[in-house]
Ligand SMILES: NC(=O)c1ccc[n+]([C@@H]2O[C@H](COP(=O)([O-])OP(=O)(O)OC[C@H]3O[C@@H](n4cnc5c(N)ncnc54)[C@H](O)[C@@H]3O)[C@@H](O)[C@H]2O)c1
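Next up, the structure:
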């Protein structure tokens, strides 16, 4: 990859001033696949300076100009979409076919959705009908630091870069050092599409380096972050000194409430959903709560579904799951599986160690625990691996209490054929998002959580609002 060691600052690929080498590991082989540079303070300062210099002009760009630019980006993206799938598969281990469709597909999906949202967005208007002398104006917040994770790399980049661009902000993207290849390719796409110099900048770096430097930088107006609750807390503290806005998308521990009247396929679908992307999704339904009359049958269905999942290298074609992203994640997931056993949960599928025949690579057995309770680590911590925890409940009220007994509040799932119950439970669970009977949310819906799952909303009109200041001007001379 030609630009692997370089950064993109002020419309050009440049060598780092302050960089050091870092090996990107292929999770299927545990071997270095590319060497990138991790930047230092001088690189951070140069990128922030470029974004600051571009802001006064870009903030005045018209909505039509920005829609045109987003359409150009979409055209280039669609042409290079397969390459994007390959880059993501190589850097974080998503199986190649899944990566080309699901991982890479998020880029064009969000681009299209944001083009629609921007076309509909009113940047200026009256306070309310008849109060035309109070003008409400939405303005871009300024220079934004966009810090993204490795699990859905293009999804997160698109959910931050595109709305920042659409609202007239300028930005510095710092992707995860574990998944830089997709970000480098995306930067080539932005360059080819003709993004003006300085509007979009990209630096590779780690959390303690570029991540912290951006969070604390006096010339950065906002940090938009997706990743662990640990890093979200550190960023908030670093940002406090300069009172910058911090938007956070953090972890989750979604409950999937399966009532006795649910579709017979609900349990198997819950497993597929939980283990997709090798369980590395913040909105994965990792706690399956099943009404007692159906519980034993559900455990049997979950075991059959988990045992039917194959695990293999990311480069192999097929519908298997791939490895975890890194040694660190592998160790963390192994540790949590062992804790589940030690705490008395009933291991009914998978377990510690690699699947048979896979001696190298960060591969984990698809694992199911039954008879869990809410005090266990596997029910409280975000595992971020192919591990499902099951528990029985007796009444609707119990299910709601268990679902809400968590520090997180990102997505909950409800399976029932009773529409009244579905509406009641959807209102009662505390999460930014709820999926009923496997129906996804429409394009342009807000994505985000409550409690320690964060405070941001990404996507659609709400995703644009995140990057805007709202101003109120009284005595506006009416035209
Ligand atoms: N909610 C999500 O989408 C999501 C994504 C990735 C990881 N996670 C969770 O995080 C756990 C650990 O994964 P991880 O260590 O790769 O995630 P992380 O939060 O450490 O890293 C995510 C991003 O934040 C940056 N970062 C890390 N520390 C930072 C700091 N102090 N200041 C600024 N930026 C910082 C990283 O360089 C990366 O770009 C996972 O097990 C999982 O539970 C959640």
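Residue numbers (the UniProt record's numbering): 1 to 479.
For glycine and all other residues, C-beta sits at the position ideal for the given N, C-alpha and C.
*asked:* Assess contact between the segment 298-305 and the segment 266-274, defined as three or more Cβ pairs (one per stretch) separated by less than 8 angstroms. Is contact present?
replied: With three or more CB-CB distances shorter than 8 angstroms, the segment 298-305 counts as touching the segment 266-274.
*In whole angstroms, what separates the C-alpha of residue 10 from that of residue 409?*
39 angstroms
*C-alpha gap between residue 241 and residue 215, whole angstroms*: 10 angstroms
*Return yes when at least one heavy atom of ligand 1 lies under 8 angstroms from the C-beta of residue 250, else no.*
yes
*Would you kindly work out how many angstroms separate the C-alpha atoms of residue 194 and residue 130, rounded to a whole number?*
42 angstroms
*Would you check whether ligand 1 has a heavy atom nearer than 8 angstroms to the C-beta of residue 328?*
yes
*How big is the Cα-Cα spacing for residue 470 and residue 455?*
18 angstroms
_If you reduce the DSSP assignment to three classes, tell me which class residue 383 lands in._
coil
*Using a Cβ-Cβ cut-off of 7 angstroms (strictly less than) and excluding sequence neighbours within five positions of residue 156, which residues of its own chain qualify?*
148, 149, 226
*Verify the contact flag: residue 409, CB atom, against every heavy atom of ligand 1, threshold strictly below 8 angstroms.*
No, ligand 1 has no heavy atom inside 8 angstroms of this Cβ.
*Flag residue 361 as yes when its Cβ comes closer than 8 angstroms to any non-hydrogen atom of ligand 1, and as no otherwise.*
no
*How big is the Cα-Cα spacing for residue 115 and residue 123?*
Between residue 115 and residue 123, the C-alpha separation is close to 15 angstroms.
_Checking 9 angstroms against the spacing of the C-beta atoms, do residue 198 and residue 51 come in under that value?_
yes
_For residue 138, the three-state DSSP class (helix, strand or coil)_ = DSSP, reduced to helix, strand and coil, places residue 138 within a strand of the structure shown.
*Does the distance from the C-beta atom of residue 42 to that of residue 21 stay below 9 angstroms?*
Taking a C-beta distance under 9 angstroms as the contact criterion, residue 42 and residue 21 do not qualify as a contact pair.
*Return yes when the Cβ of residue 34 is within less than 9 angstroms of the Cβ of residue 180, no when it is not.*
In this structure, residue 180 places its C-beta atom within 9 angstroms of the C-beta atom of residue 34.
*Mind checking if residue 376 is an interface residue toward chain B, Cβ cutoff 9 angstroms exclusive?*
The question asks about chain B, but that chain is absent: this structure has only one protein chain.
*Grab me the residues of residue 61's own chain with a C-beta within less than 7 angstroms of its C-beta, minus the 5 sequence neighbours each way, in chain order.*
168
*Taking the continuous alpha helix (DSSP H) assigned at residue 258, which residues delimit it?*
From DSSP, residue 258 is part of no alpha helix (DSSP H) but of the beta strand (DSSP E) over 255-258.
*So is the beta-carbon of residue 527 under 8 angstroms away from any non-hydrogen atom of ligand 1?*
With the chain represented from 1 up to 479, any question about residue 527 goes unanswered, as that position is not in the structure.
*asked:* By the three-class DSSP mapping on this structure, what secondary structure does residue 86 have?
replied: helix
*The beta strand (DSSP E) with residue 143 in it runs from where to where?*
Note, residue 143: beta strand (DSSP E), 143-147.
*Exposure of residue 473, with buried meaning 16 or more beta-carbon neighbours within 10 Å*: exposed
*Would you call the segment 423-442 and the segment 230-245 in contact, with 3 or more CB pairs under 8 angstroms?*
no
*DSSP puts residue 454 in a beta bridge; with which residues?*
Per DSSP, the beta bridge partners of residue 454 are 249.
*asked:* Excluding the 5 residues flanking residue 275 on each side, which residues of the same chain have their C-beta closer than 7 angstroms to its C-beta?
replied: 309, 321, 366, 386
*Starting from residue 345 and walking both ways along the beta strand (DSSP E), at which residues does that stretch end?*
For residue 345, there is no enclosing beta strand (DSSP E), as DSSP marks it with neither H nor E.
*Out of curiosity, what's the CA-to-CA distance linking residue 437 and residue 258?*
9 angstroms
*Beta carbon of residue 7, beta carbon of residue 127: below 9 angstroms?*
Going by C-beta atoms, residue 7 is not nearer than 9 angstroms to residue 127.
*With DSSP collapsed to three states, give me the class of residue 98.*
Residue state, collapsed to three classes: helix.
*For residue 243, does the count of other Cβ atoms within 10 angstroms reach 16, so buried, or fall short, so exposed?*
exposed
*asked:* Given 8 angstroms as the limit, tell me if residue 176 has its C-beta closer than that to any heavy atom belonging to ligand 1.
replied: yes
*asked:* Could you check if residue 389 belongs to the surroundings of ligand 1, using beta carbon to heavy atom distance under 8 angstroms?
replied: no
*Please indicate yes or no: does the CB of residue 230 lie closer than 8 angstroms to some heavy atom of ligand 1?*
yes
*Check the DSSP bridge columns for residue 125 and list the partner residues they point to.*
Answer by DSSP bridge pairing, in chain order: 136.
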